[in-house]
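Numbering (UniProt numbering), first residue to last: 1 to 469.
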């Protein structure tokens with residue numbers, strides 16, 4: 001048998017809410033995974049991408065990561081990984097550096113055999129470049145095989161990468177796909193293969209209400225593949241839902257905050273109902289006075305009231321969409337417009353815009369206005385993207401370090417909870433599909449009482465595997 005920890009989306013270096021404490025939390029979470037790996041004596045730690053939040057991690061984050069990897073190496077636990085979209089850089093990857101130091105193995109088309117299982121890797125690949133993928137992998141002689149990759153795969157929330165096509169096209173039969181990018185843990189069976197997301201190790205968005213953790217995956221035995229959830233003890237997020245009645249206002253919201261233990265927590269207050277206007281600063285200051293690390297207030301009534309306004313002469317949103325369409329914007333400009341005017345308000349707009357721009361850097365035509373694209377096609381009778389890429393890559397390297405991978409795509413601790421156990425059929429447990437993908441901030445439904453996500457156990461959110469069949 002082969003037992004591995006499947007983790008990913010650690011986003012080390014993320015200074016969430018511009019807080020150095022939150023930045024430290026992301027490294028701490030990764031260190032907890034490493035500690036669990038050495039204590040459990042697993043055969044390997046498999047990381048499904050986005051080890052770092054940025055392609056230019058700062059020195060403290062690099063040193064902390066190196067220290068954790070050395071701890072694994074000293075314990076004889078291999079670290080196998082792929083490159084995610086956040087950390088992907090031109091000319092070389094941090095993972096390559098760690099590999100040169102003997103602290104990591106970058107997975108690819110050749111098998112890396114650990115115990116009875118062959119592991120393969122597929123780095124993050126922007127959607128615009130996937131048509132050229134052939135999914136050819138070198139054969140292996142191991143009893144089992146797993147593909148590790150980073151992206152938003154079907155049939156999960158926000159999925160846009162065809163999992164069935166990958167499995168059917170691959171020259172190797174995989175028992176499992178171990179995935180990263182979607183920050184919500186989830187598992188499904190596709191074409192007889194277990195496909196699973198480990199989820200992120202820390203909350204990268206206030207919409208990620210469920211507890212964080214990783215997967216413990218066992219290959220072999222009577223069950224074939226057994227996937228279980230392990231919870232991580234991370235900084236608590238306290239979600240306070242304040243529904244106001246007529247005449248109620250800031251004092252009612254304060255009362256709701258006062259009911260909760262917010263010491264050292266990130267507090268997210270959501271205001272709904274019919275009451276008086278509530279100034280976010282007043283609530284955030286009150287929470288800070290009670291010991292909260294960070295507090296954020298979202299007044300959903302502002303969104304609802306805007307949506308309820310009736311405009312007889314036109315639909316403002318439709319008018320804006322029509323005007324944007326008439327402008328003939330480039331693909332990149334439309335991406336930015338989608339983020340800025342998106343339905344899901346988020347404090348991380350800057351990061352999301354940056355991520356989308358990074359994914360487009362290898363596609364020169366994405367930066368051309370519609371008229372320019374048409375002119376280029378008319379002149380040459382074909383798409384110049386391949387010819388322009390080399391020049392654009394050179395210019396981009398001179399002008400900026402941003403880009404995608406070169407030659408590659410880019411809270412207390414709980415016990416084991418089964419996620420996928422083929423040997424048990426419908427009695428095996430799964431993890432619900434609602435949640436958040438990296439960069440999307442579409443949150444899971446919240447407990448009306450504002451239950452602390454940190455206090456939940458994995459069993460609270462599980463469903464039977466029969467729901468996936």
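Glycine is no exception: its CB is placed at the ideal position from the N, C-alpha and C atoms.
Proximity of residue 75 and residue 201 at Cβ, strictly below 8 angstroms: No. Outside cutoff.
- request: Starting from residue 153, follow its DSSP beta bridges and name the residues at the other end.
  value: The partner list for residue 153 (beta bridge, DSSP) reads 161.
message: Does residue 290 come out as helix, strand or coil in the three-state DSSP assignment?
response: Note: residue 290 maps to coil in three-state DSSP.
- prompt: Under three-state DSSP, which class holds residue 361?
  reply: Coil.
task: May I ask you to report which of helix, strand or coil DSSP gives residue 7?
output: The answer is strand: DSSP assigns residue 7 an E or B state.
query: Would you call the CB atoms of residue 198 and residue 180 closer than 8 angstroms?
result: Annotated as proximal: residue 198 and residue 180, with beta-carbon spacing under 8 angstroms.
- request: Just mark residue 287 as buried or exposed, buried being the case when its beta carbon has 16 or more other beta carbons within 10 Å.
  value: A buried status is given to residue 287, since no fewer than 16 other beta-carbon atoms sit within 10 Å of its beta-carbon.
- prompt: If you compare alpha carbons, which of 24, 41, 80 and 25 is closest to residue 47?
  reply: The option with the nearest alpha carbon to residue 47 is 80.
query: What span of residues does the alpha helix (DSSP H) with residue 189 cover, start to end?
result: Where residue 189 is concerned, there is no enclosing alpha helix (DSSP H), although the beta strand (DSSP E) it sits in stretches over 186–190.
Local conformation of residue 17 per DSSP, three classes: Of the three classes helix, strand and coil, the one that applies to residue 17 here is helix, per DSSP.
query: What's the call for residue 246, buried or exposed, on a 16-neighbour Cβ count within 10 Å?
result: By the neighbour-count rule (16 or more Cβ atoms within 10 Å), residue 246 is not buried but exposed.
- request: For residue 162, collect the residues of the same chain with a Cβ closer than 7 angstroms to its Cβ; drop the 5 residues on either side in sequence, then sort them by chain order.
  value: Around residue 162: 154.
Cβ-based burial, residue 127 [other Cβ within 10 Å; buried from 16]: Looking at its Cβ environment, which holds fewer than 16 other Cβ atoms inside 10 Å, residue 127 is exposed.
field: C-alpha gap between residue 8 and residue 26, whole angstroms
entry: Taking the straight line from one Cα to the other gives about 12 angstroms.
query: When DSSP labels each residue in this structure, what does residue 270 get in the three-state scheme?
result: In this structure, DSSP gives residue 270 an extended state, which the three-state scheme calls strand.
query: For residue 555, does the count of other Cβ atoms within 10 angstroms reach 16, so buried, or fall short, so exposed?
result: No statement about residue 555 is possible, as the shown extent of the chain runs from 1 to 469 and does not include it.
task: Determine, using beta carbons only, whether residue 85 and residue 350 come nearer to each other than 8 angstroms.
output: Not in contact: residue 85 and residue 350 (Cβ atoms no closer than 8 angstroms).
- prompt: Between the beta-carbon of residue 271 and the beta-carbon of residue 242, is there less than 8 angstroms?
  reply: For residue 271 and residue 242, yes; Cβs fall inside 8 angstroms.
task: Rounded to whole angstroms, what's the CA-CA distance from residue 17 to residue 267? Just pull it up for me.
output: About 12 angstroms.
- prompt: Enumerated in chain order, which unbroken segments of the alpha helix (DSSP H) with a length of 4 residues or greater are wholly contained in the stretch 222–255?
  reply: If we require 4 residues or more, the stretch 222–255 turns out to have no alpha helix (DSSP H) run fully inside it.
query: From residue 209 to residue 104, what distance separates their C-alpha atoms?
result: Going by the C-alpha atoms only, they are around 31 angstroms apart.
message: Can you give me the C-alpha to C-alpha distance between residue 152 and residue 132, rounded to a whole angstrom?
response: Cα-Cα distance, rounded: 18 angstroms.
- prompt: Could you give the C-beta distance for residue 145 and residue 172, rounded to a whole number, given that I count them as a contact under 8 angstroms?
  reply: That belief holds up - the Cβ atoms of residue 145 and residue 172 are roughly 6 angstroms apart, short of 8 angstroms.
field: According to DSSP, residues forming a beta bridge with residue 147
entry: The secondary-structure analysis by DSSP pairs residue 147 across a beta bridge with 120 and 177.
- prompt: In chain order, what residues of the same chain lie with their CB nearer than 8 angstroms to the CB of residue 1, ignoring the 5 residues before and after it?
  reply: Correct list, in chain order: 115, 116, 218, 219, 220 and 221.
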